[in-house]
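Residue numbers (the working numbering), protein chains in the order written: chain E, 252 to 417; chain C, 44 to 408; chain G, 135 to 196.
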Amino acid sequence: MDQLLNDFSPGLFFMQAIILLILILLMRKFAWKPILNSLQDREEGIQGALDAAEEAKKEMQNLKSDNERILNEARAERDGMLKEARQLKDNMIADAKSEAQAEADKIVAQAQATIASEKKAAIAELKNQVAGLSVEIAEKVVRNELANKDKQLELVESMLGEVTLN
Amino acid sequence: MKVFQRSLKYATIVLLMLTGSVVCASSGDEQHKSVGNPIDTKEEINAYIKHHLQDSHDFTFYTNGETGTHYGFPLPVILWDGGIKAFMSSKFHHGETVAESGGSYYKLYHGKVYKTDAAGTITLDDHHHPTNEKPLDFSITKSVVGMLFAGVLMLLLFSALARGYKKGPIPSGFARVLEPLVIYVRDEIAKPNIGEQKYRKYMGFLLTVFFFIWILNLLGLTPLGFNVTGNIAVTVCLALFTFFIVQFSGNKDYWKHIFWMPGVPIPMKIILMPIEVLGILTKPFSLLIRLFANITAGHFVVMSLIGLMILLKAQFGPVGSTGISLILTLFISVIEILVAFLQAFIFTMLSSLFIGMAVAEHDHH
Amino acid sequence: MYNLIGAGLIVIGGGIGLGQIGGKAMEGIARQPEAAGKIQTAMIIIGALLEGLAFGALILGK
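Written as structure tokens, this is what we have:
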């Protein structure tokens with residue numbers, strides 16, 4: 252301790268204090284302040300860039316999910332449209348079929364009606380012709396048979412017996 | 044080409060380290076008492092080491108023991124003795140003659156300036172301490188030169204780093220080495236100990252002190268023979284700076300914890316008060332003693348190992364003793380490089396720890 | 135003479151203390167290698183405090 256106190260130089264202490272004080276002030280002004288400020292700026296810049304990248308990534312994710320959603324919607328829409336179209340087609344076919352059926356039925360019915368009426372007309376004509384024929388025949392027979400009166404009568408009677416009118 | 048340059052650089056560093064030992068060894072021949080009688084006894088080596096550990100008024104690189112001539116340059120001496128007395132230290136002739144300035148006579152005795160009569164008589168007391176009057180010595184001594192050198196070096200290096208940021212966010216060249224150190228002090232020393240909000244105010248002091256001590260510690264390992272941080276006046280000054288900064292930044296809680304410790308019974312508070320007050324003083328005291336003792340011890344060990352070269356010459360011959368001394372000195376020098384950083388780190392670390400204690404917010408009671 | 139005995143005692147005490155600090159720090163690092171940095175810093179600080187104490191005693195006793 253004695254030795255130390257003896258070695259202690261007040262002058263050196265004083266010089267050191269002044270030098271250190273000046274050095275601290277100078278270094279603060281010319282070195283530490285700009286250095287620390289730049290470091291902080293840089294770190295903040297890096298942090299900002301990282302944040303921005305994170306943000307962009309998130310946005311990207313959002314965009315991607317949006318896309319996915321839109322795509323899904325589009326797919327669903329397409330499916331719906333396809334389904335609708337198919338249904339429409341089916342409906343149309345069914346409609347057409349039933350229309351055709353109805354038309355066909357109608358035509359058949361008409362044909363049948365026509366056939367029936369033709370048949371009636373034909374039968375009526377046949378009846379008329381038969382009646383005419385029978386009148387003609389009867390005339391001929393009557394002419395022949397009129398010569399022979401007995402025979403005439405007999406013939407008329409047998410003929411009439413034969414012909415049955417329906 | 045680049046590889047060649049790099050290996051050249053390494054070679055230069057190694058060479059510098061080697062010449063460090065060699066120059067120190069050759070300056071082991073220095074002596075300032077009599078001519079033609081090189082240092083070769085234990086006592087003389089001890090005295091030489093003691094001389095080295097002290098501050099010096101001139102810058103001696105080498106002394107030729109045969110002729111007694113010193114190779115170096117004198118430094119200005121500035122004394123306050125009822126007025127400023129300034130002259131070059133060459134007037135002392137390394138303590139061999141009396142220097143006269145303004146009608147007073149001064150003599151250099153064991154590295155200190157004493158006021159004497161014209162004949163230069165120094166009277167000693169029982170403890171071999173001179174009883175002569177000591178003028179206040181504001182000389183530009185070797186330590187002051189070292190400090191100025193460190194200061195200028197720091198200003199040049201770090202203002203270059205600061206200017207580098209104007210050109211771009213990433214520094215180039217040597218500044219790239221300095222930047223991580225600044226970040227290291229900020230992130231590993233200041234921020235964890237002082238706190239994220241308050242550390243900014245103290246960065247100027249902490250950074251300056253860290254690099255100042257580190258550069259001076261390393262300067263002490265060069266063959267120039269500086270011993271700045273191993274000088275008690277320097278470490279006292281550094282520790283006093285910390286002391287005042289801690290006391291002036293102490294908040295209400297800090298003082299309350301010293302004078303009226305909360306959360307303990309009253310008798311305990313009274314007992315704790317003087318202990319805490321003592322603690323205020325022992326903290327900077329341990330700071331200054333640690334730095335002083337570590338660096339002094341380092342220099343002492345290195346120089347003693349160099350001294351082995353002379354002492355072992357009789358047993359191992361000149362080559363053997365030089366080899367032993369060289370290997371041991373190299374080994375210790377490498378450890379001292381680590382210590383140089385460690386002591387700067389610890390001084391800054393503990394300073395910021397003390398500052399952190401003073402500014403801490405206690406919200407738990 | 136007494137000074138030297140005192141210095142020896144201080145060195146013994148300091149050595150034991152430093153050994154304890156270093157050993158426990160090593161154990162801690164071995165147990166939790168990821169906390170090595172923090173343990174090292176704490177170890178250096180406590181070592182420095184102890185060193186300051188020992189040096190203080192040595193110099194006061196000198």
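Each residue gets a CB set at the ideal place from its N, CA and C atoms; glycine is no exception.
| Check | Outcome |
| --- | --- |
| Complete runs of the alpha helix (DSSP H) confined to the region 362-417 of chain E [at least 4 residues] | 400-413 |
| Coil, strand or helix - W298 (chain C) by DSSP | helix |
| Sufficient close CB pairs (3 or more, under 8 Å) joining the region 227-241 of chain C to the region 256-266 of chain E | no |
| Proximity winner among C:I127, C:I375, C:Q290 and C:M316, relative to S182 (chain C) (alpha-carbon distances) | C:I127 |
| Classification of F374 (chain C) by the beta-carbon crowding that lies within 10 angstroms, buried from 16 upward | exposed |
| L264 (chain C) versus C:V382, C:G322 and C:I275, residue with shortest Cα-Cα distance | C:V382 |
| Interface residues of the region 319-333 of chain C facing chain G [CB-CB below 8 Å] | T325, F328, S329, L330, I332 and R333 |
| Interface partners of A182 (chain G) on chain C, CB under 7 Å | R333, I389 and L393 |
| Residue-level contact to chain C via CB, N257 (chain E), 9 Å cutoff | yes |
| Sequence-distant residues of the same chain with beta carbon closer than 8 Å to G194 (chain C), five excluded per side | F255 |
| Close Cβ partners of F286 (chain C) (< 6 Å) along its chain, the five nearest in sequence each way excluded | P327 |
| Proximal residues to G299 (chain E) (C-beta, below 8 Å), its chain only, five neighbours per side dropped | none |
| Proximity to K209 (chain C) [Cα-Cα], best of E:I344, E:A282, E:T415 and E:M278 | E:A282 |
| Rounded C-alpha distance that separates N342 (chain E) from L333 (chain E) | 14 Å |
| Contact with chain E by F397 (chain C), beta-carbon distance below 9 Å | no |
| Alpha-carbon spacing of I366 (chain E) relative to I374 (chain E), whole angstroms | 12 Å |
| Pairwise C-alpha distance: I370 (chain C) and K234 (chain C) | 41 Å |
| CB-CB length for G148 (chain G) against L184 (chain G), believed under 8 Å | 6 Å |
| Length at least 4, wholly inside the region 79-134 of chain C: the alpha helix (DSSP H) runs in chain order | 85-96 |
| CB contact check: R320 (chain E) to chain C, cutoff 9 Å | no |
| Minimum Cβ-Cβ distance from E168 (chain G) to chain C less than 9 Å | no |
| Neighbour flag for L287 (chain E) against chain C, beta carbons, 9 Å | yes |
| Anticipated Cβ contact below 8 Å, A403 (chain C) with P285 (chain E), distance rounded | Not really, about 29 Å apart at Cβ, beyond 8 Å. |
| Cβ of S64 (chain C) within 9 Å of any chain E Cβ | Confidence at S64 (chain C) is low in this model, with a pLDDT of 44, below 50, so its placement is unreliable and no value can be given for it. |
| Boundaries (first-last residue) of the beta strand (DSSP E) holding V156 (chain C) | K155 to T159 |
| Endpoints, the beta strand (DSSP E) within which K150 (chain C) is located | S147 to Y152 |
| Per-residue burial, L138 (chain G) [other beta carbons within 10 Å of its own, 16 or more giving buried] | exposed |
| Proximity of F135 (chain C) and A129 (chain C) at Cβ, strictly below 9 Å | no |
| Distance, S395 (chain C) Cα to K356 (chain C) Cα | 48 Å |
| Proximity below 9 Å, CB of Q240 (chain C) to CB of G154 (chain C) | no |
| Neighbour list for M266 (chain E) in chain C, Cβ cutoff strictly below 7 Å | F181 and V187 |
| S368 (chain E) burial status per 10 Å Cβ neighbour count (16 or more: buried) | exposed |
| Euclidean distance between Cα positions of E408 (chain E) and L384 (chain E) | 17 Å |
| Outcome for F217 (chain C) when other beta-carbon atoms lying within 10 angstroms are tallied against a minimum of 16 | exposed |
| Helix, strand or coil at P285 (chain E) according to DSSP, with G and I counted as helix | helix |
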